[in-house]
Ligand code: LLP
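In my numbering, the protein residues as written are 7 to 391.
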């Protein structure tokens, strides 16, 4: 909920922009860090969710490590002050120069997603005269009960090495002299709201770890990925996600004998602290009677609704009308899927009004594009208004 003071301050600003609530971000980061500390869990922030410099600086200041998806993300995290020894790097398609850079920086682990990748890491580490520390990213074949566009742990998807292949290839992996397999990793998907899914995850991990150890792997860590969801429907009800529950589940169900347990949350850390503020350009009614509100942002600022059919709650923060109307909110891009939401009830909305598109702190600004040569959206911070 934006205060009257903040709303008034926003009125004069050029739109669109991402507004970050730095107090909420701090409370969220503190909550995650405090609860993880109870169990001795290690937290990495999934940088892909949001790379705004002030957001990164705040998260880093609480001692988080970083989870990266590219060489440039590793570089960005290091430049933002994250300790390379706390950086993990996953991705199905790592380029040679990215692998080389990660090894040179001495990151905590390259989470490896295929046998061929492991061979290449082994070769590059050999050329550098170094040992690369890796985690085996295993595909556990779990249904995370989320939007199928963001589910990453089912047997047929592109992520991770199949468990059977790891078991079959154990000797081949152990023979790679420039690699130290220190842990196992999995990430089953994002926006997980059915927390019992994390119980299945623990059962799978328990079996996988026991089998890997019986094959002679000496594992120091288990990285269970990210995925904790947020409340897109009514963000005000749950501004800080339920870290306590997910940590309690992992703590009671994971039986991996004192190994370090790592998490890689993105959305749960930054999702609720950001919103896209956009201005109404025009109203019009289609020949079929649909009332459109055309705003000055689009899928180039926030692609989630167009790409995944994702829901974001939208509010008119300046209209003082008491009468209401049903609207479809569309963006400026030359794409028919560029629709933020359909048939929603707002107070009468007219040119110049400001709308907020909520819960957009994760995978909003970081997925922005320059399609139609739109400018990239900028950041505005609550504590600088
Ligand atoms: N670890 C790995 C290996 C990942 O691939 C991801 C997200 C995370 C951690 C963080 O997941 P989170 O805690 O944020 O759920 N763009 C999509 C989400 C893609 C997630 C990609 N991987 C969206 O807008 O919903």
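Even for Gly, the Cβ is constructed at its ideal location relative to N, Cα and C.
- Residue 182 counts as buried, since no fewer than 16 other beta carbons sit within 10 angstroms of its beta carbon.
- Secondary structure at residue 247: coil, using DSSP grouped into helix, strand and coil.
- Uninterrupted beta strand (DSSP E) stretches at least 3 residues long and entirely within the stretch 213-293 occur at 227-229, 266-271 and 280-291, given in chain order.
- Proximity of the stretch 363-376 to the stretch 44-61 meets the contact definition, three or more beta-carbon pairs being nearer than 8 Å.
- Straight-line measurement puts the Cα of residue 258 at about 45 Å from the Cα of residue 11.
- Taking 7 Å as the cut-off, the C-beta of residue 156 counts as close to a heavy atom of ligand 1.
- Selection 200, 221 and 194 evaluated against residue 177 yields 221 as nearest (Cα-Cα).
- The beta carbons of residue 72 and residue 47 sit no closer together than 8 Å.
- Between ligand 1 and residue 196, a heavy atom-to-CB distance of less than 7 Å is present.
- The stretch 188-205 makes contact with the stretch 132-151, as at least three CB pairs between them are under 8 Å.
- Under the criterion of beta carbons closer than 8 Å, residue 113 and residue 94 qualify as touching, at roughly 7 Å.
- Rounded to whole angstroms, residue 204 and residue 50 show a C-alpha spacing of 18 Å.
- With contacts defined as CB atoms closer than 8 Å, residue 167 and residue 159 fail to qualify as a contacting pair.
- Remark: the C-beta of residue 193 is in contact range of ligand 1, defined as less than 7 Å to any heavy atom.
- Residue pairing from DSSP places residue 353 in a beta bridge opposite 330.
- The criterion of a C-beta distance shorter than 8 Å is not satisfied by residue 319 and residue 355.
- By a beta-carbon distance limit of 8 Å, residue 306 contacts residue 377. Their separation comes to about 5 Å.
- Bounds of the beta strand (DSSP E) holding residue 118 are 115-118.
- At a threshold of 7 Å, residue 271 counts as near ligand 1, since its beta carbon sits closer than that to one of the ligand's heavy atoms.
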